[in-house]
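When the sequence shown is numbered by our numbering, its final residue is 410 and no position is left out of the sequence of numbers. Here the structure comes first, spelled out in structure tokens, and everything after it is commentary.
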Amino acid sequence: MSQYNNLVFEKNDCIGVLTINRPKVLNALNRETMTELKDLVEKIAFDKDVAVVVITGSGDKSFVAGADISEMRNMSALDAREWGKFSQAVFNSIENLPQPVIAAVNGYALGGGCELAMSCDIRLASEKAKFGQPEVLLGVVPGFAGTQRLPRLIGKGRAKELLFTGDQIGAEEAYRLGLVNRVVPADQLVTVAMEMAKKIMSRGPVAVQLCKAAVNEGLDMDFESGQAYEAEVFGLCFATADQKEGMTAFVEKRKAQFLGK
Ligand code: CAA
Numbered sequence: 150m151s152q153y154n155n156l157v158f159e160k161n162d163c164i165g166v167l168t169i170n171r172p173k174v175l176n177a178l179n180r181e182t183m184t185e186l187k188d189l190v191e192k193i194a195f196d197k198d199v200a201v202v203v204i205t206g207s208g209d210k211s212f213v214a215g216a217d218i219s220e221m222r223n224m225s226a227l228d229a230r231e232w233g234k235f236s237q238a239v240f241n242s243i244e245n246l247p248q249p250v251i252a253a254v255n256g257y258a259l260g261g262g263c264e265l266a267m268s269c270d271i272r273l274a275s276e277k278a279k280f281g282q283p284e285v286l287l288g289v290v291p292g293f294a295g296t297q298r299l300p301r302l303i304g305k306g307r308a309k310e311l312l313f314t315g316d317q318i319g320a321e322e323a324y325r326l327g328l329v330n331r332v333v334p335a336d337q338l339v340t341v342a343m344e345m346a347k348k349i350m351s352r353g354p355v356a357v358q359l360c361k362a363a364v365n366e367g368l369d370m371d372f373e374s375g376q377a378y379e380a381e382v383f384g385l386c387f388a389t390a391d392q393k394e395g396m397t398a399f400v401e402k403r404k405a406q407f408l409g410k
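See the structure below:
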């Protein structure tokens, strides 16, 4: 795996741990980091040694404190539009990774940081985490799909309150709003994320990936089309060795040994 200036990627028993690593600026996302992220995510998508991805931030203070304001400050309108489109595409590629992606939110998840967390499948938050879309304090709107993913996750009214006020909320409030799946003590965040990753990895790998695809694809369709998509992938499962093994193991009262095919 290539070396990156602003990312660390380590594989640990088929769990890929991706750390955004610019701690001096609270892991703010500049163009170089986003370009590295694009490259790494493309590689992970085809990496058979990565079954689950965990994304976190370096240091104990911040997950990602947003897009890099110093770099954006003097962008022209057209440059900002391209920066937004490029970054949206990078986050889409995270959302559409075949493998499940868990955000381990260890601190500030503001602006582009909250948007990054929302492009992951599951969000675990340290009790110290803080979430928000503070772009209006800077005179801009969120540019990495925050206006689209936040209302889809927590509902239109609650999303608009966060978007219009730019307020930061703590982990418990984020949990109450449905923005995070679980709040855990700061020193246990990575352990809990790894345990969740291991549990997911012990299930039928093809089925897990198809579940992800069915949810992601189905949410962009009307209900009937989503059901039709589900029926197709349900059928597809019966052409896999994992389905034979999973159901045979149940009948034989033993633990399934999945092959991921
Ligand atoms: N971009 C660039 N640098 C940033 C940054 C960002 N988003 N967030 C923090 N930093 C830098 C600070 O400038 C500071 O650098 P120096 O040491 O060189 O001064 C360093 O990180 C540490 O930050 P603070 O001293 O501000 O730390 P703090 O503990 O006092 O405050 C904070 C922490 C509340 C997160 C504060 O840093 C902050 O408000 N950051 C900006 C948050 C923000 O507005 N994010 C949205 C960005 S816009 C965006 O993301 C648009 C989009 O949708 C794409």
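All C-beta atoms in this analysis are idealised placements derived from N, C-alpha and C, irrespective of residue type, glycine included. In this text, all values refer to a predicted model and were calculated from it rather than measured experimentally.
So, is residue i buried or exposed, given that buried needs 16 or more other C-beta atoms within 10 angstroms?
| i | result |
| --- | --- |
| Ser219 | exposed |
| Ser374 | exposed |
| Lys173 | exposed |
| Lys279 | buried |
| Leu138 | Look at the range of the chain in this structure, 150 to 410, and you will see that residue 138 is not part of it. |
| Pro334 | exposed |
| Phe293 | buried |
| Ser225 | exposed |
| Glu284 | buried |
| Val364 | exposed |
| Asp270 | buried |
Between residue i and the ligand CAA, is the CB less than 7 Å from at least one heavy atom?
| i | result |
| --- | --- |
| Ala252 | no |
| Ser275 | no |
| Glu244 | no |
| Leu287 | yes |
Discussion item. Assess contact between the region 234-242 and the region 174-193, defined as three or more Cβ pairs (one per stretch) separated by less than 8 Å. Is contact present?
Written reply: yes
Practice prompt. Take every Cβ of the region 152-168, pair it with every Cβ of the region 199-219, and state whether three or more of those distances are shorter than 8 Å.
Written response: The region 152-168 vs the region 199-219: in contact.
Practice prompt. Please list, in chain order, all residues with a C-beta atom less than 6 Å from at least one heavy atom of the ligand CAA.
Written response: Val174, Leu175, Ala177, Ala214, Gly215, Ala216, Asp217, Ile218, Ser219, Tyr257, Leu259, Gly260, Gly261, Glu264, Pro283, Glu284, Leu287, Pro291, Gly292, Phe293, Gly295
Worksheet entry | Cβ contact (3+ pairs, closer than 8 Å) linking the region 240-257 and the region 353-363 | yes
Worksheet item: Do the region 298-308 and the region 318-336 make contact, defined as three or more Cβ pairs closer than 8 Å?
Response: yes
Discussion item. Using a Cβ distance threshold of 8 Å, determine whether the region 270-287 contacts the region 313-320, with at least three qualifying pairs required.
Written reply: yes
Worksheet entry | Sufficient close CB pairs (3 or more, under 8 Å) joining the region 343-350 to the region 285-296 | no
Fill in: Uninterrupted alpha helix (DSSP H) stretches inside the region 305-380 (no shorter than 4 residues)
305-314, 320-326, 338-350, 354-368
Worksheet entry | Secondary structure, beta strand (DSSP E): runs of 3+ residues fully inside the region 236-274 | 250-254, 257-259
Practice prompt. Go through the region 155-196 residue by residue and report every complete run of the alpha helix (DSSP H) that reaches 4 residues or more, in order.
Written response: 180-194
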